[in-house]
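One line per chain: the protein sequences are A and B, in this order.
Take 214 as the starting number for the first sequence in our numbering and just add one per residue.
Take 214 as the starting number for the second sequence in our numbering and just add one per residue.
Here the structure comes first, spelled out in structure tokens, and everything after it is commentary.
2 protein chains.
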Amino acid sequence: MADKRFQSLPGFRDFTPRDCAIRNYLFSVWKEVAHRYGFVEYEAPIVESTDLYLKKSGGELTTQLFRFEDQGGRDITLRPELTASLARIVGANQRDYPKPLKWFEIGPCFRYEKPQKGRGREFIQFNADILGEKSAHADAELIALAIDTMLALGFKQGDFVIRASDRQSWLSFCEQHGIDDPSEFLPIIDRLEKLKPEAIAEKLAAFQVTREQVDAFISNPENASDDFKSIQADLDARGLSQFLELDLTIVRGLAYYTGAVFEIFDIKKSMRAVAGGGRYDGLLATLSDGSADLPATGFAMGDMVIRNFIEETPHAKMEMEAWLQRNAPCDVFVVLADDSKRSQALGIISRLRSAGVAVDFPLSRLNVGKQFKKAEQSGARFALVVGAEFPEMQLKSLSSRTEQRIAPEENPVDVILHQITQPDGPLIA
Amino acid sequence: MADKRFQSLPGFRDFTPRDCAIRNYLFSVWKEVAHRYGFVEYEAPIVESTDLYLKKSGGELTTQLFRFEDQGGRDITLRPELTASLARIVGANQRDYPKPLKWFEIGPCFRYEKPQKGRGREFIQFNADILGEKSAHADAELIALAIDTMLALGFKQGDFVIRASDRQSWLSFCEQHGIDDPSEFLPIIDRLEKLKPEAIAEKLAAFQVTREQVDAFISNPENASDDFKSIQADLDARGLSQFLELDLTIVRGLAYYTGAVFEIFDIKKSMRAVAGGGRYDGLLATLSDGSADLPATGFAMGDMVIRNFIEETPHAKMEMEAWLQRNAPCDVFVVLADDSKRSQALGIISRLRSAGVAVDFPLSRLNVGKQFKKAEQSGARFALVVGAEFPEMQLKSLSSRTEQRIAPEENPVDVILHQITQPDGPLIA
Chain A
214 MADKRFQSLP GFRDFTPRDC AIRNYLFSVW KEVAHRYGFV EYEAPIVEST
264 DLYLKKSGGE LTTQLFRFED QGGRDITLRP ELTASLARIV GANQRDYPKP
314 LKWFEIGPCF RYEKPQKGRG REFIQFNADI LGEKSAHADA ELIALAIDTM
364 LALGFKQGDF VIRASDRQSW LSFCEQHGID DPSEFLPIID RLEKLKPEAI
414 AEKLAAFQVT REQVDAFISN PENASDDFKS IQADLDARGL SQFLELDLTI
464 VRGLAYYTGA VFEIFDIKKS MRAVAGGGRY DGLLATLSDG SADLPATGFA
514 MGDMVIRNFI EETPHAKMEM EAWLQRNAPC DVFVVLADDS KRSQALGIIS
564 RLRSAGVAVD FPLSRLNVGK QFKKAEQSGA RFALVVGAEF PEMQLKSLSS
614 RTEQRIAPEE NPVDVILHQI TQPDGPLIA
Chain B
214 MADKRFQSLP GFRDFTPRDC AIRNYLFSVW KEVAHRYGFV EYEAPIVEST
264 DLYLKKSGGE LTTQLFRFED QGGRDITLRP ELTASLARIV GANQRDYPKP
314 LKWFEIGPCF RYEKPQKGRG REFIQFNADI LGEKSAHADA ELIALAIDTM
364 LALGFKQGDF VIRASDRQSW LSFCEQHGID DPSEFLPIID RLEKLKPEAI
414 AEKLAAFQVT REQVDAFISN PENASDDFKS IQADLDARGL SQFLELDLTI
464 VRGLAYYTGA VFEIFDIKKS MRAVAGGGRY DGLLATLSDG SADLPATGFA
514 MGDMVIRNFI EETPHAKMEM EAWLQRNAPC DVFVVLADDS KRSQALGIIS
564 RLRSAGVAVD FPLSRLNVGK QFKKAEQSGA RFALVVGAEF PEMQLKSLSS
614 RTEQRIAPEE NPVDVILHQI TQPDGPLIA
């Protein structure tokens, strides 16, 4: 149990080695899948001028800002999300890049919220965006990226589903029902399952619409937009359409979405969205004062909810643990059975490390039993025992408890490299 | 030229894709070398309680803090460095980990300084520390890590040198000369080459010491401490002592160092230190209120100075460029010579990506010439041309301009995987 005097600030996390390795697993999967999809990585500053966030609509975020004045009197903010910086950077540099841009970013964001499970004041977000392409093929590419990210994290069909819709469907509905300001109407749809039926009915009535009309609209797949149908056909050609469901109740809370919108849901806890995204064609122009008037579609996944989901899903957790084991901190622990051979051992250690082997060893004199205990704790697969008989050495497998003599005439680096590239099985003694 | 309206805050950087790839190169080398040395990664929050930094001595940092009050009235600070968080985390969790701890961290730090070349308000620091080991072998292990980091970054003998000393040498000097408070005396040594000789002479006179006595002490290698000699012998056994120089003028500015101290210098610009570190045996106890009273030795390297040094050193720059090319965003660009074959192409793209190949393609209809231009821009090694004759396809090498037919009966994924694992040479047409 951690000593309370040394806790981080509420909502902030310490990544001790295991937590950091899990974070690195997420980073590694996110980067690998983004790379396969031809996305390139960028990174924005952690701190931006507060203006940038005030310009972006959606009042909610501005009450949750870590906002302050710097020593030069500037009104600055710890970034609550990544899209505003993206718009700024693209506004500044877009002439340098052919369109569409397929850019992704992984980094910490900050919101002053009540800390709870799956929600912290500092969290890490994986953001992927396609800028400068209005075709629904871009939305499909992004949704395919989201699906392949889930698959690469070890999830399977039956664990998750992408529920998607298109704000265009609701804009047609509004037109049919004489609703002039859809931005007042859409938030009701967003909260259909969150508010009481009476409250919903009352809000709908203000637009002369009944709950029955809304439910009938939602349940009719004919109301899918043309873009939704294109996305479905595109994903079908990729062999991924089984992960996509039309769900016209998905409109996403933020005002700036303009087209296809989607959320990834954990099927077992069906109310939990683990990621989401959508098309926001006007936002870049707003944020960049018209300098980057690019159609855009983007997607974001936070590290906290997805980590919980992995840990609750046995086969996904198993894949993560396998990765953690493959990326263990140490391949070989050198046991100094005779401390007078330290110099000779250092020479071997140096050569092994230069060959790319992860090697640890005791930095001060310890008895052999304690050294073997340290070897076990290090997670190393092998212990290399250097003793009085050097240059003869023993290479012990710490899993199978077998050992192999390394003869003076052998090159110990070659012998060890050969062993550690073998699958983990008993050595021939 | 970037549009001035969209600049980041002064001293903060945008990592557009090339800058981000260079950052990733540094991360990759730092992590790979730390891994070879058996160090494990941790990460601290970006924001800490300001108390943590006020506790740490060295008044200088506290005037450069990004310090503010959060919405809950807490006095909080963007971390200016990583050691204070490390002490807090180890104070909270040290019972969970066998000693010594070999931990490293890579992450952004923040200081309100005047931005200039090699110095920003947000910079990235690579920190490696060994906690819980007082032997000079720990200092040697850390200095070896620093040397191997430089070598892995493509530097060679003649590019850099580690200048090391030991505060113990100067404590002996102080004892010999009846100086009671070395913490008043050491800062003079730290500034020997920065202040005018008359100013130095005056400051030394206050301790009844002459410049001649100081210079004589510095130039006599007999004044190296026992720990320095151990470190030298240890590095010699590793084949790394040629990178180490005794330099008794190195004492490091910060008050908390207690033993061996070192800096990596760029030999051509001999006044530029690119990294530094040393032993700080009392600091963890101070920072953790005695909870983690561990001897410690640590080392830090910032991303800005080292990147400049790489870019000024042709062979190091070449290694970086080779890495950037190996990690290019795209392996294969799919050219849709007949847009009616988009579905078929999507199927192939999906299979290639599942096999780990990085694939990009046009998201909307484009003429073939423009598609080939995009293929070139993407950095892909190959263009896969999908046209009317599908399932027959053409695989073109974009470097050698040769091409290969993929026959309908062949598995295109196998053919392409085979080609992209070949060294980059002309395809047999």
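Where a beta carbon is used, it is the ideal one built from N, C-alpha and C, also for glycine.
Since we're looking at a predicted model, the values are computed, not measured.
- Below 8 Å, too few C-beta pairs join the segment 541 to 556 of chain A and the segment 376 to 387 of chain A to call them touching: fewer than three.
- Under the criterion of beta carbons closer than 8 Å, P313 of chain B and I356 of chain B do not qualify as touching, at roughly 15 Å.
- Here the C-alpha atom of F585 of chain B lies approximately 21 Å from the C-alpha atom of Q307 of chain A.
- G560 of chain B carries a helical assignment under DSSP once its states are collapsed to helix, strand and coil.
- At the C-beta level, L611 of chain A and V628 of chain A stay beyond 8 Å of one another.
- The secondary-structure analysis by DSSP pairs F512 of chain A across a beta bridge with A:A341, A:G490.
- Residues of the segment 604 to 618 of chain A that bring their beta carbon within less than 8 Å of a beta carbon in chain B are absent altogether.
- Counting other Cβ atoms within 10 Å of its Cβ, R492 of chain A reaches 16 or more and is therefore classed as buried.
- Taking 8 Å as the threshold, the shortest C-beta distance from L507 of chain A to chain B does not fall below it.
- Unbroken beta strand (DSSP E) runs of no fewer than 3 residues, entirely contained in the segment 299 to 350 of chain A, are found at 314 to 323, 335 to 344, following chain order.
- For the segment 390 to 418 of chain A, there are no residues whose beta carbon sits under 8 Å from a beta carbon of chain B.
- About 7 Å separates the CB atoms of A341 of chain A and G511 of chain A; that is less than 8 Å, so the two are in contact.
- Annotation: S385 of chain B has no Cβ neighbours in chain A at a cutoff of 8 Å; minimum Cβ distance is about 24 Å.
- Of all residues in the segment 530 to 549 of chain B, those with a C-beta nearer than 7 Å to a C-beta of chain A are P542, C543, reading in chain order.
- Excluding the 5 residues flanking it on each side, L565 of chain A has same chain C-beta neighbours closer than 7 Å at V545, V572, V626, I629, in chain order.
- Restricting attention to alpha helix (DSSP H) runs no shorter than 4 residues, the segment 516 to 595 of chain B encloses them at 516 to 525, 527 to 539, 555 to 567, 581 to 591, ordered along the chain.
- Against E294 of chain A, chain B offers no close residue; the least beta-carbon distance is about 15 Å (beta-carbon pairs closer than 9 Å).
- Residues of chain A whose Cβ lies closer than 8 Å to the Cβ of E335 of chain B are, in chain order, P258, I259, V260.
- Separation of T499 of chain B and D227 of chain A (C-alpha to C-alpha, rounded to the nearest whole angstrom) is 20 Å.
- Chain order gives the chain A residues near I289 of chain B as L222, where near means a beta carbon separation below 8 Å.
- According to the DSSP assignment, S378 of chain B belongs to the beta strand (DSSP E) that extends over 373 to 379.
- With the rule of 3 Cβ pairs closer than 8 Å, the segment 576 to 595 of chain B does not count as touching the segment 254 to 266 of chain A.
- Nearest in C-alpha terms to V422 of chain A, of all of A:I431, A:A450, A:I392, is A:I392.
- Considering only A:A418, A:R324, A:Q329, the residue with the shortest C-alpha distance to E335 of chain A is A:R324.
- The beta carbon of K369 of chain A sits no closer than 8 Å to any beta carbon of chain B.
- Identification of residues in the segment 242 to 256 of chain B having a C-beta nearer than 7 Å to some C-beta of chain A yields H248, R249, Y250, G251, V253, E254, Y255, E256, given in sequence order.
- Rounded to whole angstroms, S443 of chain A and A353 of chain A show a C-alpha spacing of 8 Å.
- Under the Cβ distance rule, D283 of chain B counts among the residues neighbouring chain A, one pair being separated by less than 8 Å.
- Here DSSP, grouped into helix, strand and coil, assigns R226 of chain B to coil.
- Between A305 of chain A and F225 of chain B the beta-carbon gap is near 13 Å, outside 8 Å, which marks them as no contact.
- M514 of chain A sits buried, since 16 or more C-beta atoms from the chains shown fall within 10 Å of its C-beta.
- DSSP, read as helix, strand or coil, puts S262 of chain B in strand.
- Interface with chain B (8 Å Cβ-Cβ cutoff): Y266 of chain A is excluded.
- Here I431 of chain B carries a helix assignment [DSSP, helix/strand/coil].
- DSSP, reduced to helix, strand and coil, places F252 of chain B outside both helices and strands of the structure shown, so it counts as coil.
- Within the segment 612 to 641 of chain A, the runs of alpha helix (DSSP H) at least 4 residues long that lie entirely inside it are, in chain order, 625 to 633.
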